[in-house]
Each structure stands twice: as structure tokens, then as C-alpha cells.
Amino acid sequence: MDGAIVVDKPEGWTSHDVVNKVRKIARTKKVGHLGTLDPMATGVLPLVIERATRLAQFYTRSDKVYEGVVRFGQATTSYDRDGEPVGDRVEVRIDPEELERHLEAFRGEFLQTPPTVSAKKVEGRRAYELARKSIEVELEPVKVHVYELVALEVAGSDVKLRTHCSGGTYMRSIAHDLGKAMGCGAHLASLRRLSSGEFGLDLARTLEQLAGLAADERLVDAIVPSSKLLPAFPTVFVDDLTATQVRNGRNFPASPFRSQPAAKFVKAVTRTGELVAIGEAVLPNVYHPIVVL
3 MDGAIVVDKP EGWTSHDVVN KVRKIARTKK VGHLGTLDPM ATGVLPLVIE RATRLAQFYT
63 RSDKVYEGVV RFGQATTSYD RDGEPVGDRV EVRIDPEELE RHLEAFRGEF LQTPPTVSAK
123 KVEGRRAYEL ARKSIEVELE PVKVHVYELV ALEVAGSDVK LRTHCSGGTY MRSIAHDLGK
183 AMGCGAHLAS LRRLSSGEFG LDLARTLEQL AGLAADERLV DAIVPSSKLL PAFPTVFVDD
243 LTATQVRNGR NFPASPFRSQ PAAKFVKAVT RTGELVAIGE AVLPNVYHPI VVL
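Basically the numbering used here = 1-based index in the sequence shown + 2.
Rendered as C-alpha cells:
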């Protein structure tokens, strides 16, 4: 059961709600998510289960791909449709050419201020907790990278966008800032995450599907094994003796004749396909286990 489960998160659920549900389905407390999704959002929410929870640290900045609808003419306190309206609603019809000019400012690398209603910490407390108590919060801008930002459809005051961005990018902030730039206010009306790192919708299952698999004692069918995670890390195969030494914290070698170039991290995997550890380079072709499964 060590590995990842990709959930197609339903609308209205928090990421923690999903984690708790999967804990019950899998009958284990060792479940964690690899990056939250807002309650309004749906789509790819990767979870790690059992010993694979130790790998979560390597997923903190995974790229994301989203499709979402920005509704122009009204800003909100949370930058999405769940927030309170700010100011009066304005009737807007979006001109595609004008929109394209403004989208250019949100492509590439730039500083983005996270929404006040977010999980960002301010002096040890979540920003949304302070916002609920009407405490003024000033969040520091964060460097983000938007690799792709495309308008897929324009319908009146609604614009459907597709975005490929770095981890830590807030689609709500893009919607809000785009509305400010166009002088009419805007908020995120819907959002669906199509991928998170190496995990796409093709791997995702609904909670109902996962519950059905568990009832048939086939939940393992939904699990991506630990050895298949982190595909960017080269694999170093180890024999049984070396695997035991690695589990005891001993350094292990990687063949200098491997076809892959030198890497900072590698996966130590047994010949039967079991992930033993993640190793970090300490010498050329020598790795120290920093996470042991």
C-alpha cells in the first residue's frame, strides 16, 4: 500500500476532508496530500499513503496545469466566487484583443501577492484565520512562473483560461489582478486542476470509485507504487545486501556507466521493484540515504 493515490477532488470539499475520507477508505492514518486545492476547485489531488508519506518533501514546488473561468465585473474578498462581493457589479463584455494584451503581463516570471484568504502563514498563523477575524494582513509577494496562459473561450463577462504554472501560483490572484488591470474587477468562478507534477487526470479516481475498489479489496489497483514516484530521479538498482546497508544509513554506489547524467538525488530500488530510499549525492557516483522507506 506504499505509494500515491490520485483523487479527482469533488467541489465543496477541502483537501483535508479528502485526506480524512481516504484514511477511512484505506483504513490507515498515514495519508497526506501533495499540495492543497481550494474547496471550490475540482480535479487532481495527489495523496501519499503509508511509508510514501516520507516523500512529500520532494513535491513542494511541483508544476500545475489548470483550467478555470474568470468572471469579470465583480471582485470578491477571497478572489473567488466563495468570497463576499467588493463594490457594485459592473456589466462587462470582454474584448478578446484587449484581454490578450493584459494576459501578457501574467506570463513568465513575476512577483505575485497571495490572496488574503489563503493558507499562507503570518507570524505562525494562517492568513485566512486572521482574515475571518477582520485582522489586516499584508502578505509578501512571491516569485512565480507562468509557463502558459491561454484564453480558451470568451463568453460575455466570462473567460475560460488554461494555465501551466509553477507550484505556489494562485489562480485566484491572477483572476483578481487581471480584473484590476482591466479596470472592472474580477474573480475566479470555477477551477479544475488537470495535473500536479507527474500526476494527471488519467490517474485520478473519484472518492466513490476508491470506496468501491476498497469494498472489493482492490484498492491497490489505484495506487502508484513508491518506486514509480519521482520519475525525474534516476533509479539505482541495489541487491539485498546493499538494501539492508542502505536501510541502516550506509552510503551506496551508483554505476558510473549509467546512461543518465549525474543527479543530485536517486532512487535506490531492489530488483523486485521496491523503493528502499532516496539518496543524495555526497561524492561522484556515491549517494547517502536521506529518506529511507
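Just so you know, even glycine gets a beta-carbon here, dropped at the ideal spot from N, CA and C.
The beta carbon of Trp15 sits closer than 7 Å to those of Pro41, all from its chain and outside the five residues before and after it, given in chain order. Of Gly37, Gly75 and Thr44, the smallest CA-CA separation from Ala58 is found for Gly37. Secondary structure in the segment 136–172: the beta strand (DSSP E) runs of 3 residues or longer, each lying completely within the stretch, are 144–157 and 160–167 in chain order. With the rule of 3 Cβ pairs closer than 8 Å, the segment 141–149 counts as touching the segment 110–118. Of all C-beta pairs linking the segment 78–94 to the segment 198–207, fewer than three are shorter than 8 Å, placing the two stretches out of contact.
The shortest C-alpha to C-alpha distance from Phe74 to any of Ala28, Asp223, Ser159 and Ser64 is the one to Ser159. Under a 10 Å Cβ-count criterion, Ala270 is classified as buried, with 16 or more other Cβ atoms of the shown protein chains found around its own Cβ.
Bounds of the alpha helix (DSSP H) holding Lys23 are Ser17 to Ala28. With a contact defined as Cβ atoms closer than 8 Å, Ala6 and Arg194 miss out at about 20 Å. Between Phe267 and Pro48, the gap from beta carbon to beta carbon reaches 8 Å or more. Annotated as distal: Pro236 and Arg174, with beta-carbon spacing of 8 Å or more. 8 Å or more divides the Cβ of Val294 from the Cβ of Ala245. Short of 7 Å from the beta carbon of Ala77, and not among the five residues preceding or following it, lie these beta carbons of its own chain, in chain order: Val88, Gly89, His178, Gly181, Gly187, Ala188 and His189. Taking Val92 as the centre and dropping the five residues before and after it, the same chain places the C-beta of Gly75 and Cys186 closer than 6 Å to its C-beta, in chain order.
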